[in-house]
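Engineer: Starting off with a structure, shown below.
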Amino acid sequence: MARRLDQSISKPAAPVGCFWSTVVSTYQKCFREGKALNLLIDAHGECRLLATIKSESRLKHLLQRLPGYCPESMNELWLCINSTLPGVSRKSDGWVGLGCCELAISTECRRECRQASSKNDITKVCKKVTEVMGSTCCSYAGRHTTCREYCQAIFRTDSTPTVSQINAVREYCQSHSAQLLSCVSNFTKSYPIRSPIDSLYCCDRAEATHCQVACRRILRTMSTEHEIMEGLIEECGSQPLPQEPMWQCFLGSAHPPSPPEEDLPHPAKMDCAKLHCCSKANTSLCRDMCQEISTNWGSQTWQDFDQLCEYNPVETELINCLSDVREPCQLGCKDLAYCTNFNNRPTELFRSCNVQSDQGAMNDIKLWSNGTIKMPFMNIPVLDIRKCLPDMWKAVACSLQIKPCHSKSRGSVICKSDCVDILTQCGDRKRFHEGQTPERICELLSPIDDPERCIPLHRYLTPSSLGNNIVEEVIHPCNPNPCPSNHLCQVNRKGCLDELNCQPYLCVPGCKLGEASEFLVQQDARIQVPTRAGPAGCFEVCSCGPSGRLENCLEMPCVDTNKPCIIGGQRKSHGTSFRVDCHHCSCFAGDTICSTRECLSFDSSDEDRRQFTGLPCNCPDRFVPVCASNGRTYPSACVARCMGFKDFEFAFGLCRLSNPCANKPCERNQSSINPCISCVCVCVCVCVCVSRCIPKYRVCLSDSSDCVQHECVGRPTPCDKSSVEPACDTDGLVHPSVCQLQQAGKTLAYMGHCQDACRKPQQVCGHNGETYSTVCDAYSDRVAVDYEGPCHAVGAVSDVAPDSACSLIRCPPLSTPGCRPVTPPGACCPICASMLQILWNKEQMNTFSKLNKNRPVTVYDVLQTLRLHVSVPQCDVFGYLSIDHVLVVLIAPVDQQPTPLQIEACSKEAEKIDSLINYASPTLVSHVPLSAFLASEIKTSSIHSSGGTPPSPLPPGLCLFLGLLIAVAPVFHQL
1 MARRLDQSIS KPAAPVGCFW STVVSTYQKC FREGKALNLL IDAHGECRLL ATIKSESRLK
61 HLLQRLPGYC PESMNELWLC INSTLPGVSR KSDGWVGLGC CELAISTECR RECRQASSKN
121 DITKVCKKVT EVMGSTCCSY AGRHTTCREY CQAIFRTDST PTVSQINAVR EYCQSHSAQL
181 LSCVSNFTKS YPIRSPIDSL YCCDRAEATH CQVACRRILR TMSTEHEIME GLIEECGSQP
241 LPQEPMWQCF LGSAHPPSPP EEDLPHPAKM DCAKLHCCSK ANTSLCRDMC QEISTNWGSQ
301 TWQDFDQLCE YNPVETELIN CLSDVREPCQ LGCKDLAYCT NFNNRPTELF RSCNVQSDQG
361 AMNDIKLWSN GTIKMPFMNI PVLDIRKCLP DMWKAVACSL QIKPCHSKSR GSVICKSDCV
421 DILTQCGDRK RFHEGQTPER ICELLSPIDD PERCIPLHRY LTPSSLGNNI VEEVIHPCNP
481 NPCPSNHLCQ VNRKGCLDEL NCQPYLCVPG CKLGEASEFL VQQDARIQVP TRAGPAGCFE
541 VCSCGPSGRL ENCLEMPCVD TNKPCIIGGQ RKSHGTSFRV DCHHCSCFAG DTICSTRECL
601 SFDSSDEDRR QFTGLPCNCP DRFVPVCASN GRTYPSACVA RCMGFKDFEF AFGLCRLSNP
661 CANKPCERNQ SSINPCISCV CVCVCVCVCV SRCIPKYRVC LSDSSDCVQH ECVGRPTPCD
721 KSSVEPACDT DGLVHPSVCQ LQQAGKTLAY MGHCQDACRK PQQVCGHNGE TYSTVCDAYS
781 DRVAVDYEGP CHAVGAVSDV APDSACSLIR CPPLSTPGCR PVTPPGACCP ICASMLQILW
841 NKEQMNTFSK LNKNRPVTVY DVLQTLRLHV SVPQCDVFGY LSIDHVLVVL IAPVDQQPTP
901 LQIEACSKEA EKIDSLINYA SPTLVSHVPL SAFLASEIKT SSIHSSGGTP PSPLPPGLCL
961 FLGLLIAVAP VFHQL
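Take a look at the structure:
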């Protein structure tokens with residue numbers, strides 16, 4: 001019987017907290033009635049402890065482990081418990097239901113539970129029921145975005161709702177929908193359950209240091225109590241005995257003392273992500289309300305904001321920014337049951353393609369069928385939409401709920417012409433208010449008629465052109481999100497050592513940008529957030545700490561956002577992008593920051609055009625490379641001088657062919673990674689620390705500190721074996737991490753799994769003008785390949801420059817038939833990829849460097865952060881600093897022969913990022929160092945509709961060209 005109890009207890013995703021309350025009260029009741037008191041004298045201490053614990057959440061776990069704590073002879077106790085609980089059922093296999101079925105909220109869940117043969121079946125059924133229940137409840141929010149947003153957070157099936165989530169629904173939705181509140185209340189009546197990180201303080205009571213460290217890690221990374229308790233038992237090497245301080249802390253109380261408000265790492269009840277957007281308001285009224293609702297969570301100002309700002313045409317930029325924070329645009333839509341015409345669109349962007357929005361669209365149609373469309377600031381009378389253009393109305397409801405968003409504007413409004421057309425035919429003019437016309441209504445609801453900035457309904461009147469076939473060419477591992485609510489989902493580009501159990505995504509611990517925010521950033525990320533009380537333009541840089549909060553915040557110098565730039569007698573406001581001749585420029589706090597490309601005017605003479613090289617300062621077109629102090633190779637001393645380097649700040653030769661360890665910079669106690677914990681006796685036994693110098697080539701964007709090209713490594717300390725980022729050594733052997741590679745005494749060849757094509761050195765020239773020993777070495781540096789062989793030519797950075805020495809280069813064939821390629825600046829060969837040219841602020845980069853203990857900001861840092869914003873594993877990010885100091889980013893397909901659909905997906909990813917940069921969306925520019933980006937220009941690859949000649953096979957060893965392969969690509973193709 002005891003074993004049956006242990007096997008039967010489970011916690012389905014459906015809300016059955018009342019079940020556990022009954023289990024606990026039944027257990028204690030059995031003890032009080034003396035059914036087993038005669039055995040307590042001889043019982044173990046852990047068993048006696050159960051009779052006194054008041055914490056329901058702790059008792060739940062101990063009850064699961066009851067057979068291990070109490071004597072098997074306590075049959076009276078087991079009989080009492082199993083016979084007292086309601087809904088007990090016996091199965092032929094001996095499984096006992098123990099009341100779970102009868103106490104589940106959903107009738108369907110109870111019915112399926114009775115028929116289930118295992119608790120795993122119950123969990124699956126109840127999870128699905130929870131999702132459907134959430135769809136129903138949240139659909140009552142209508143178009144009240146924030147109410148629906150808070151409601152959806154309640155029904156995440158991977159976590160239980162918190163106090164703040166429940167209160168948010170009650171406070172914000174109470175004036176919108178009594179049905180929603182009642183529905184949510186039925187679901188949450190047995191919640192909330194405390195978050196595991198609320199018990200972090202108990203870890204400090206462990207006697208062993210290794211147990212303290214393991215305890216903190218387990219509470220931050222595991223979500224269920226069973227996982228946490230099992231992990232603690234395994235790591236700390238002991239059972240949960242009441243005499244041990246740590247276990248006493250965990251078992252004794254369900255409500256630990258809260259830290260004082262002033263002790264919190266960052267001010268609570270803020271939404272720093274939304275606060276980023278407030279400066280984009282065009283009216284002081286909306287700006288003030290935005291700041292109020294972003295700093296005082298739970299404020300009723302949201303209702304006024306909806307009415308006065310949400311549909312105000314002059315506040316489009318503010319509303320789009322808030323939409324980015326609430327529901328970022330993501331590629332792909334599938335598995336909808338009602339809005340089926342939105343399915344199978346892997347290269348289109350949507351904000352809210354999920355089961356809740358699908359249900360919401362169906363409920364909107366039901367409500368509209370009553371003859372009135374209710375808006376926050378008006379009611380629109382309509383005819384019977386079941387007879388008047390029903391397909392159009394369905395497309396409207398689905399569009400407003402699922403929110404297709406164009407990559408350039410990020411807006412989610414239907415086009416004005418469609419709005420006017422449908423209201424002209426189906427509006428009930430007899431019930432229109434005085435002055436109401438379809439045109440005037442649509443001027444408020446849908447003022448845009450540019451198909452690149454609004455949703456054309458005809459696109460969703462028919463199914464996707466791809467049909468109902470399952471498209472595997474482009475997948476979206478993080479859409480829908482498979483991770484717990486306190487974790488970010490990231491595309492797994494690292495691969496796995498165990499390929500059979502490899503997932504295409506990673507769940508990474510994160511931090512919310514404020515207590516009232518649902519926007520997450522990954523742990524250890526450095527984030528720029530507006531100061532709580534400072535004026536616009538005042539920011540601080542914080543780090544996402546292990547506690548799940550922003551901490552270690554340091555103030556940045558304030559930026560005068562009111563100071564304009566004067567260009568040709570015209571005023572340009574802060575943040576505005578514009579062109580001066582061929583230069584791309586941006587105004588930043590009164591300073592005009594422009595690209596340094598060489599221009600050729602339209603009235604130039606033939607002689608000027610003939611001598612124009614397209615290189616900075618019109619330097620001669622020859623390749624005599626020099627390595628500058630920022631770690632970048634320039635094609636000549638002339639170009640280096642043109643970009644501001646003095647003669648003593650560069651040396652002849654390629655940067656990556658130099659030896660930064662030649663002068664023995666790590667001889668004495670210079671370890672930059674691990675402290676030097678070993679020493680040797682010199683002469684009269686003077687202890688001298690020994691550390692090893694390892695080259696670490698990098699290109700620095702900041703110049704406030706030295707751009708050191710090496711690292712000093714002391715005697716290795718134990719490696720974190722939970723961190724897997726494969727590294728390949730020069731012998732062709734893969735290691736779980738660089739740390740373990742170094743412990744094995746090996747030399748790093750490149751990051752990622754070892755590739756057969758890279759076992760033999762075969763030099764290639766990267767877009768950055770560096771020669772790499774293999775294409776894998778180039779890709780490990782996040783640099784795509786220009787051509788085979790060592791670098792010996794440089795391409796122009798101007799579109800009007802002649803072919804120059806690149807005409808002698810043998811370029812590899814394009815990877816896809818009919819591809820319209822791009823040629824990166826300074827490169828010789830075209831590539832089938834999409835390209836961003838990003839203007840950036842060096843002073844901001846220097847500020848970030850100083851705030852980060854003078855560690856330089858590098859191109860690699862930027863590219864690694866940008867990779868997090870590419871959501872399909874079929875595309876990856878490469879880039880370099882061009883010779884005229886523009887940051888060039890390539891988003892390229894990783895398949896050897898990418899399909900047109902994959903090339904289109906990469907183009908959409910590039911357009912999305914380009915838009916986020918140019919609109920300064922907090923989803924991107926809150927990340928340091930991306931917050932130093934000013935403006936972006938984009939060129940995308942596409943496929944000729946007529947096709948083209950198939951490419952010739954790539955030369956041996958060049959199968960990784962053109963962004964065709966990264967270390968993890970083979971893993972995904974095996975999934």
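The UniProt record's numbering applies: residue 1 is where the sequence shown begins, and numbers increase by one. Just so it is clear, CB atoms sit at the ideal spot from N, CA and C, and this is done for glycine as well. No experiment lies behind these values; they were computed from the predicted model shown.
For residue 303, collect the residues of the same chain with a Cβ closer than 7 angstroms to its Cβ; drop the 5 residues on either side in sequence, then sort them by chain order.
Structural biologist: Position 303 of the sequence shown, counting from 1, holds the residue named residue 303. Excluding sequence neighbours, residue 303 sits near 175.
Engineer: Do residue 936 and residue 907 come within 8 angstroms of each other at the CB atom, strictly closer than that value?
Structural biologist: Position 907 of the sequence shown, counted from the first residue, corresponds to residue 907. Position 936 of the sequence shown, counted from the first residue, corresponds to residue 936. Annotated as distal: residue 907 and residue 936, with beta-carbon spacing of 8 angstroms or more.
Engineer: At 3 residues or longer, what runs of the beta strand (DSSP E) sit wholly inside the region 517-550?
Structural biologist: 520-522, 526-530, 539-544
Engineer: Is the beta carbon of residue 861 less than 8 angstroms from the beta carbon of residue 929?
Structural biologist: Start at 1 with the first residue of the sequence shown, and residue 861 comes out as number 861. Start at 1 with the first residue of the sequence shown, and residue 929 comes out as number 929. Yes. Within cutoff.
Engineer: Does the Cβ-Cβ distance between residue 1024 and residue 595 come in under 8 angstroms?
Structural biologist: It is not possible to answer for residue 1024, since the shown part of the chain is limited to 1 through 975.
Engineer: Of the choices 902, 752, 235, 479, whose alpha-carbon is the least far from that of residue 333?
Structural biologist: Taking the first residue of the sequence shown as 1, we reach residue 333 at position 333. When each option's Cα is compared against that of residue 333, the closest is 479.
Engineer: Answer yes if the region 848-856 comes into contact with the region 698-714, meaning at least three C-beta pairs across the two stretches below 8 angstroms, and no otherwise.
Structural biologist: yes
Engineer: If I measure Cβ to Cβ from residue 415 and keep anything under 6 angstroms in the same chain, skipping five residues before and after, which residues do I get?
Structural biologist: One-based indexing of the sequence shown puts residue 415 at position 415. Excluding residues within five positions, the ones whose Cβ falls inside 6 angstroms are 449, 454, 456.
Engineer: Assess contact between the region 352-365 and the region 503-510, defined as three or more Cβ pairs (one per stretch) separated by less than 8 angstroms. Is contact present?
Structural biologist: Touching, no.
Engineer: Tell whether a beta-carbon distance below 8 angstroms holds between residue 940 and residue 910.
Structural biologist: Taking the sequence shown and counting its residues from 1, one reaches residue 940 at position 940. Taking the sequence shown and counting its residues from 1, one reaches residue 910 at position 910. In this structure, residue 910 lies closer than 8 angstroms to residue 940 by Cβ.
Engineer: Taking the alpha carbon of residue 801 as the point to measure from, which residue in 609, 737, 726, 712 has its own alpha carbon closest?
Structural biologist: As a first step, residue 801 must be located in the sequence shown, where it is residue number 801. Considering only alpha carbons, the answer is 609.
Engineer: Secondary structure at residue 768, three-state DSSP: helix, strand or coil?
Structural biologist: Position 768 of the sequence shown holds residue 768. Three-state DSSP puts residue 768 in coil, outside helix and strand.
Engineer: Take every Cβ of the region 750-757, pair it with every Cβ of the region 776-784, and state whether three or more of those distances are shorter than 8 angstroms.
Structural biologist: Result yes; three or more Cβ-Cβ pairs closer than 8 angstroms.
Engineer: If I follow the unbroken beta strand (DSSP E) through residue 751, where does it start and stop?
Structural biologist: Numbered from 1 along the sequence shown, position 751 holds the residue referred to as residue 751. Per DSSP, residue 751 belongs to the beta strand (DSSP E) from 748-751.
Engineer: Let's see if you can read the secondary structure: which residues bound the alpha helix (DSSP H) around residue 842?
Structural biologist: Within the sequence shown, numbered from 1, the residue matching residue 842 stands at position 842. Segment 842-851, the alpha helix (DSSP H) holding residue 842.
Engineer: Tell me residue 509's beta-bridge partners as DSSP assigns them.
Structural biologist: By 1-based counting over the sequence shown, the position of residue 509 is 509. In DSSP, residue 509 forms a bridge with 487.
Engineer: Would you tell me roughly how many angstroms separate the C-alpha atoms of residue 735 and residue 758, rounded to the nearest one?
Structural biologist: Along the sequence shown, one-based indexing puts residue 735 at 735. Along the sequence shown, one-based indexing puts residue 758 at 758. Their backbone Cα atoms lie some 16 angstroms apart in a straight line.
Engineer: Between which two residues does the alpha helix (DSSP H) harbouring residue 187 extend?
Structural biologist: Your numbering for residue 187 matches position 187 in the sequence shown. Counting along the chain, the alpha helix (DSSP H) containing residue 187 begins and ends at 178-188.
Engineer: Looking only at C-alpha atoms, which of 799, 904, 721 sits nearest to residue 496?
Structural biologist: Here residue 496 is taken as the residue at index 496 of the sequence shown, counted from 1. It is 721.
Engineer: For residue 91, which residues in the same chain have their Cβ closer than 6 angstroms to its Cβ, ignoring the five residues on either side in sequence?
Structural biologist: Working through the sequence shown from its first residue, we reach residue 91 at position 91. Confidence is the limiting factor: at residue 91 the pLDDT is only 38, short of 50, which leaves the residue's position unreliable and the question unanswerable from this model.
Engineer: Can you round the beta-carbon distance between residue 205 and residue 246 to whole angstroms, since I take them to be within the 8 angstroms contact cut?
Structural biologist: Reading the sequence shown from its first residue, position 205 is the one you call residue 205. Reading the sequence shown from its first residue, position 246 is the one you call residue 246. Indeed they touch by this definition, with Cβ atoms about 5 angstroms apart.
Engineer: Under the rule that 16 or more other beta-carbon atoms within 10 Å means buried, what is residue 809, buried or exposed?
Structural biologist: Translated into the one-based positions of the sequence shown, residue 809 becomes position 809. Its Cβ being crowded by 16 or more others within 10 Å, residue 809 is buried.
Engineer: To which residues does DSSP link residue 645 through a beta bridge?
Structural biologist: Position 645 of the sequence shown, counting from 1, holds the residue named residue 645. None, per the DSSP bridge assignment.
Engineer: Nearest CA to the CA of residue 654: which residue from 662, 644, 631?
Structural biologist: Working through the sequence shown from its first residue, we reach residue 654 at position 654. When only C-alpha atoms are compared, the closest one is 631.
Engineer: Going by DSSP in three states, residue 655 sits in which element: helix, strand or coil?
Structural biologist: Here residue 655 refers to the residue found at position 655 when the sequence shown is read from its first residue. DSSP places residue 655 in helix when its eight states are reduced to three.
Engineer: Can you tell me whether DSSP reads residue 857 as helix, strand or coil?
Structural biologist: Residue 857 sits at position 857 when you count from the first residue of the sequence shown. Here residue 857 sits in coil by DSSP.
Engineer: Please report the distance separating the alpha-carbon of residue 640 from that of residue 629.
Structural biologist: Against the sequence shown, residue 640 aligns to sequence position 640. Against the sequence shown, residue 629 aligns to sequence position 629. Approximately 10 angstroms between the Cα atoms of the pair.
Engineer: Given that a residue counts as buried once 16 or more other Cβ atoms are within 10 Å of its Cβ, and exposed if not, what is residue 614?
Structural biologist: By 1-based counting over the sequence shown, the position of residue 614 is 614. Residue 614 should be labelled buried.
Engineer: Got a sec, what are the start and stop residues for the alpha helix (DSSP H) residue 879 sits in?
Structural biologist: One-based indexing of the sequence shown puts residue 879 at position 879. Note, residue 879: premise wrong, no alpha helix (DSSP H); beta strand (DSSP E) at 875-881.
Engineer: Take the Cβ of residue 566 as the centre, count every other Cβ of all protein chains shown within 10 Å, and call the residue buried at 16 or more, exposed below.
Structural biologist: Position 566 of the sequence shown, counted from the start, is the residue given in the question as residue 566. Exposed.
Engineer: Using only CA atoms, which one of 526, 443, 374, 560 lies nearest to residue 546?
Structural biologist: Residue mapping note: residue 546 aligns to position 546 of the sequence shown, counting from 1. If we check each option's Cα against that of residue 546, 526 comes out closest.
Engineer: For residue 915 versus residue 825, is the C-beta spacing smaller than 8 angstroms?
Structural biologist: For the purposes of this step, residue 915 is taken as residue 915 along the sequence shown, with counting starting at 1. For the purposes of this step, residue 825 is taken as residue 825 along the sequence shown, with counting starting at 1. No; because the gap between Cβ atoms is not below 8 angstroms, this pair is not in contact.
Engineer: Does the region 276-288 touch the region 304-323, meaning 3 or more C-beta pairs lie closer than 8 angstroms?
Structural biologist: yes
Engineer: Kindly indicate the opening and closing residues of the beta strand (DSSP E) around residue 918.
Structural biologist: In the sequence shown, the residue the question calls residue 918 occupies position 918. Residue 918 -> not in any beta strand (DSSP E); alpha helix (DSSP H) instead, spanning 900-918.
Engineer: Residues in its own chain within less than 6 angstroms of residue 900 by CB, not counting five upstream and five downstream?
Structural biologist: Start at 1 with the first residue of the sequence shown, and residue 900 comes out as number 900. If we look at residue 900 and ignore the five residues flanking it on each side, its Cβ neighbours are 943.
Engineer: Only counting the same chain, and skipping five residues up and downstream in sequence, which positions put a Cβ closer than 7 angstroms to that of residue 729?
Structural biologist: Against the sequence shown, residue 729 aligns to sequence position 729. Exclusion of the five residues before and after residue 729 leaves 735, 741, 746, 747, 748, 749 as the residues of its chain whose Cβ lies within less than 7 angstroms of its Cβ.
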